[in-house]
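Quick note, the sequences are listed as chains A and B, same order.
Sequential numbering from 1 applies to the first sequence in UniProt numbering.
Sequential numbering from 1 applies to the second sequence in UniProt numbering.
Idealized CB from N, CA, C, for every residue including glycine.
Computed from a predicted model, the values in this text were never measured in an experiment.
There are 2 protein chains.
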Amino acid sequence: MARSWLSISPGSPFSLANIPFGIISTQANPLHRPAIAIGDLALDLDKFASNGGFSELPSISQHLAVFSEPTLNDFAALGRNIHHDVRTYIQQILQEDGKYPAVLKDNPQLRDQALLPLPSVQNHLPLKVGDYTDFYVGLNHAYNVGVLFRGPDNALQPNYKHLPIIENPTATPKVPILRPSRKLDIELELAAFVCKPNELGDPIRIDRADEHIFGFVLMNDWSARDVQYWEYVPLGPFTSKNFGTTISPWVVLTDALEPFRTRSRVEDSQHRDGVLPYLREKRADTAYDIRFQVAIQPAGLGADGREIFCTGNARDLLFSFPQLVTHHTVTGCNLNTGDLLASGTISGVKLGTFGSFLEATKNGKEPLALKNGETRTFLQDGDGIIITGAAGNEGHYVGFGECAGVILPVVTYE
Amino acid sequence: MARSWLSISPGSPFSLANIPFGIISTQANPLHRPAIAIGDLALDLDKFASNGGFSELPSISQHLAVFSEPTLNDFAALGRNIHHDVRTYIQQILQEDGKYPAVLKDNPQLRDQALLPLPSVQNHLPLKVGDYTDFYVGLNHAYNVGVLFRGPDNALQPNYKHLPIIENPTATPKVPILRPSRKLDIELELAAFVCKPNELGDPIRIDRADEHIFGFVLMNDWSARDVQYWEYVPLGPFTSKNFGTTISPWVVLTDALEPFRTRSRVEDSQHRDGVLPYLREKRADTAYDIRFQVAIQPAGLGADGREIFCTGNARDLLFSFPQLVTHHTVTGCNLNTGDLLASGTISGVKLGTFGSFLEATKNGKEPLALKNGETRTFLQDGDGIIITGAAGNEGHYVGFGECAGVILPVVTYE
Numbered sequence: 001m002a003r004s005w006l007s008i009s010p011g012s013p014f015s016l017a018n019i020p021f022g023i024i025s026t027q028a029n030p031l032h033r034p035a036i037a038i039g040d041l042a043l044d045l046d047k048f049a050s051n052g053g054f055s056e057l058p059s060i061s062q063h064l065a066v067f068s069e070p071t072l073n074d075f076a077a078l079g080r081n082i083h084h085d086v087r088t089y090i091q092q093i094l095q096e097d098g099k100y101p102a103v104l105k106d107n108p109q110l111r112d113q114a115l116l117p118l119p120s121v122q123n124h125l126p127l128k129v130g131d132y133t134d135f136y137v138g139l140n141h142a143y144n145v146g147v148l149f150r151g152p153d154n155a156l157q158p159n160y161k162h163l164p165i166i167e168n169p170t171a172t173p174k175v176p177i178l179r180p181s182r183k184l185d186i187e188l189e190l191a192a193f194v195c196k197p198n199e200l201g202d203p204i205r206i207d208r209a210d211e212h213i214f215g216f217v218l219m220n221d222w223s224a225r226d227v228q229y230w231e232y233v234p235l236g237p238f239t240s241k242n243f244g245t246t247i248s249p250w251v252v253l254t255d256a257l258e259p260f261r262t263r264s265r266v267e268d269s270q271h272r273d274g275v276l277p278y279l280r281e282k283r284a285d286t287a288y289d290i291r292f293q294v295a296i297q298p299a300g301l302g303a304d305g306r307e308i309f310c311t312g313n314a315r316d317l318l319f320s321f322p323q324l325v326t327h328h329t330v331t332g333c334n335l336n337t338g339d340l341l342a343s344g345t346i347s348g349v350k351l352g353t354f355g356s357f358l359e360a361t362k363n364g365k366e367p368l369a370l371k372n373g374e375t376r377t378f379l380q381d382g383d384g385i386i387i388t389g390a391a392g393n394e395g396h397y398v399g400f401g402e403c404a405g406v407i408l409p410v411v412t413y414e
Numbered sequence: 001m002a003r004s005w006l007s008i009s010p011g012s013p014f015s016l017a018n019i020p021f022g023i024i025s026t027q028a029n030p031l032h033r034p035a036i037a038i039g040d041l042a043l044d045l046d047k048f049a050s051n052g053g054f055s056e057l058p059s060i061s062q063h064l065a066v067f068s069e070p071t072l073n074d075f076a077a078l079g080r081n082i083h084h085d086v087r088t089y090i091q092q093i094l095q096e097d098g099k100y101p102a103v104l105k106d107n108p109q110l111r112d113q114a115l116l117p118l119p120s121v122q123n124h125l126p127l128k129v130g131d132y133t134d135f136y137v138g139l140n141h142a143y144n145v146g147v148l149f150r151g152p153d154n155a156l157q158p159n160y161k162h163l164p165i166i167e168n169p170t171a172t173p174k175v176p177i178l179r180p181s182r183k184l185d186i187e188l189e190l191a192a193f194v195c196k197p198n199e200l201g202d203p204i205r206i207d208r209a210d211e212h213i214f215g216f217v218l219m220n221d222w223s224a225r226d227v228q229y230w231e232y233v234p235l236g237p238f239t240s241k242n243f244g245t246t247i248s249p250w251v252v253l254t255d256a257l258e259p260f261r262t263r264s265r266v267e268d269s270q271h272r273d274g275v276l277p278y279l280r281e282k283r284a285d286t287a288y289d290i291r292f293q294v295a296i297q298p299a300g301l302g303a304d305g306r307e308i309f310c311t312g313n314a315r316d317l318l319f320s321f322p323q324l325v326t327h328h329t330v331t332g333c334n335l336n337t338g339d340l341l342a343s344g345t346i347s348g349v350k351l352g353t354f355g356s357f358l359e360a361t362k363n364g365k366e367p368l369a370l371k372n373g374e375t376r377t378f379l380q381d382g383d384g385i386i387i388t389g390a391a392g393n394e395g396h397y398v399g400f401g402e403c404a405g406v407i408l409p410v411v412t413y414e
């Protein structure tokens, strides 16, 4: 595998094999602008492009303006082929003995201007998010929650393996009161940004769905379970989830994950035979081997106080992202650049692999013991949750950076 | 009540008391631009503004650019006070013996350029729609559907009167197939566009919610009931509703409906006492007396073949639009200019007042007889649905124009 002329630590999520895209600003330049992450540096693409950085890539020459935009939407809208060209070109520029050393490697002035230490850059929302659809294709999570609320015999609804859906635990409503959630939870998810739009009335066929997926981010779909139980029937979630969602700062392009295609490990004959024809895929390796880790940093502790809440893998998703795109549009519904499609909670089958406290503590009945002696049923004020994820091996990780958030005390409403 | 120097038929939905805003284009000028409707004319606000039409309204002078925009988002974002000034000013301009006759009344050249016959203008989406939330606060519809799926004893979920929610009929899933819907339905709804945004984390208090509502449109939330039953459990609706939604072309400003405030006619003590404190309103007249009519134009017939499917009234909504805004944001969720909040289906209590075929035909069990001898359980290819609505009395109607759509044959997917 190729090495870079930059020194990149073997453990970095941003190896030469990755080249994820994001939006940054710095104290020296508060302008929001595109960048890629490489090792512990960010390459400022605005600065890079405006100083002839792309001079050896003719196919992008008439599109250089996208690198001066405050979001990645215009770059995403250029389509998969351009994304491929730009990512490959940047790999060549950064690669030891790569092409065009004069562009950056042997151009100390541009290096000084365009290569910024990651700790010195502020990340911003990479795309202006359009519509947002959260699916529920983590089979184990669906089963685990189903057991909690309907028992093992009815854990999965009969339609579960036929169509991508989400969960709606049945509840016993009481007279409601407004108070801070006592069951604040997380959901470990993988999400995809749409690049290529489709016209209203023009469904995206399963064999073309890949072209519409710009790339991926980690997601934490914060959930107030007590509110959710109350409002969920018959609505489905609303205010229990609309207060905030966190994504990781760098978009890992679909191309970067190609080498890590694999089969879902939760698919079975019932799924393969039961899935509707318009969702059937030619290839079997439509999942990704992406390993996740969710850490909790208890209130009052520093980063050294972090401990692992769970690990996970994207192979535990039953449906592929192309299937989500095709199902979303089979009615003619149009997707737009910047729309975000999330997987739903990703869980394994045993404690330590559950992507939510709901599962890990059996809805609060079995508290988790933390190293600092405290216990948790759900999150407490001051708790930090840090989701990381990566494919590949040491020296060549394709990672996402941190999807991190801290729970602040509620602001009294009345 | 004031009269206009323009001749306006007494039956026009666009009386001087209305002045609804929309986006138009014409064959002569394909540019999308703002306009208001008055009688059977549209006043081109781009032409009007660029020819000194607003010269007597200083408060708008630095904002005239909003009238050259292809959507009303920028105008909406100016806030309720500016909306009030502009609407009142236009009323004065159009009013018999009104102020500033030189601006338009005695300016034949500008009249010729800016006043366009409605049949000659093409309407376009009035605002770029941001997020869209469909509620379910039509109490009678909730009860009617509840009876159909759960029986009269459990028609309404215990939480129904406490929070604005939507419906999720229980279903008995079978192995699915992909085919054109055989239960294509309508939903008569009223929807509000958001003007003033709120910051993430900054809930909108109930006593300030009015400031965030730009105005109202009629909505038809087309629904494929057979698909809905299949996917609804446990998801709630997705592909059964994401294929299309129709709204009326002119936005009736919140100010124009002020005179028609009234009490909800479905509220009761259980609602008044059970509603959460953050949703309690000082005034009781938080509903609107808006009368609706839904007409069906059977396949193959012209406009003279239309017949009334149902009538309705916005007084049948249990929650007010300010309550929807406040509930949506009580978690800190942010609303943006152009977000659309819909009421859910509006129904009365007897045949002829049901806002959906689901209710009117008891889920297809009791077909409706049409004048042309045909029957309908749900919609057929070629059927047209035309929703109209108005407040006020002859000569002074505050109406919405037509929310109209025609069912085209399905395009075979495979």
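Interface flag for V175(A) against chain B is set, since a Cβ pair is found closer than 8 Å.
Interface flag for H63(A) against chain B is unset, since no Cβ pair is found closer than 8 Å. Within the region 305-337 of chain B, those residues whose Cβ lies closer than 8 Å to any Cβ of chain A are, in chain order, H327, H328, V330, T331, G332, C333. In this structure, the alpha-carbon of R272(A) lies about 22 Å from that of Y232(B). G274(A) reaches chain B at V175, counting residues in chain order whose Cβ is nearer than 8 Å.
Every unbroken stretch of the alpha helix (DSSP H) spanning 4 or more residues and falling wholly within the UniProt domain "Fumarylacetoacetase N-terminal" (17-126) of chain B is given here in chain order: 45-50, 73-77, 80-94, 108-114. Within the same chain, Cβ atoms closer than 6 Å to the Cβ of P180(A) are found at V410, the five residues on either side in sequence being excluded. If the five residues before and after I204(A) are omitted, its C-beta is found closer than 7 Å to the C-beta atoms of N198, H212, V325, T326, T329, all from its own chain and listed in chain order. The beta carbon of P117(A) lies closer than 7 Å to those of D40, L41 in the same chain, with the five residues before and after it left out. Assignment of A142(B) by DSSP, reduced to helix, strand and coil, places it in the helix class.
A distance below 8 Å separates the beta carbons of T337(A) and A76(A). In this structure G355(B) is buried. Its beta-carbon is surrounded by 16 or more other beta-carbon atoms within 10 angstroms. The shortest CA-to-CA distance from Y136(A) to any of Q293(A), L317(A), D381(A), D289(A) is the one to L317(A). Straight through space, the alpha carbons of T245(B) and F193(B) are spaced by roughly 15 Å. Shown here, D273(B) sits in a helix according to DSSP, grouped into three states.
No residue range can be given for V410(A), since it is assigned to no beta strand (DSSP E) and is classified by DSSP as neither H nor E.
Counting only the Cα atoms, R376(B) lies some 15 Å from L301(B). Taking C-beta separations shorter than 8 Å and ignoring five residues to either side along the sequence, the partners of L148(A) in its chain run P169, L358, E359, K362, N363, following chain order.
Measuring C-alpha to C-alpha distances from A28(A) to each of Y89(A), F54(A), A114(A) identifies A114(A) as the nearest. Ranked by how close their Cα comes to the Cα of D289(B), the residues G389(B), L188(B), P34(B), S50(B) have G389(B) in first place. Per DSSP, the unbroken alpha helix (DSSP H) holding D255(A) starts and ends at 254-257. By the Cβ neighbour-count rule, T88(B) is exposed, with fewer than 16 other Cβ atoms within 10 Å of its own. With a threshold of 16 other beta carbon atoms within 10 Å, I346(B) meets it and is buried. Within the same chain, Cβ atoms closer than 6 Å to the Cβ of P126(A) are found at G22, I23, L72, V251, the five residues on either side in sequence being excluded. Under the criterion of beta carbons closer than 8 Å, D131(A) and D221(A) do not qualify as touching, at roughly 15 Å. Within its own chain, the residues whose Cβ lies closer than 7 Å to the Cβ of P298(A), once the five positions on either side in sequence are excluded, are G305, L370, N372, E374, D383, listed in chain order.
Per DSSP, the beta-bridge partners of A191(A) are V217(A), A342(A). A straight-line Cα-Cα distance of about 25 Å links P119(B) and V86(B). Judged by DSSP in its simplified three-state form, D285(B) adopts coil rather than helix or strand. The C-alpha of K99(A) lies about 20 Å from the C-alpha of A37(A). In the displayed model, L317(B) falls within a strand according to three-state DSSP.
Less than 8 Å separates the beta-carbon of I247(A) from that of A191(A). By the Cβ neighbour-count rule, L184(B) is buried, with 16 or more other Cβ atoms within 10 Å of its own.
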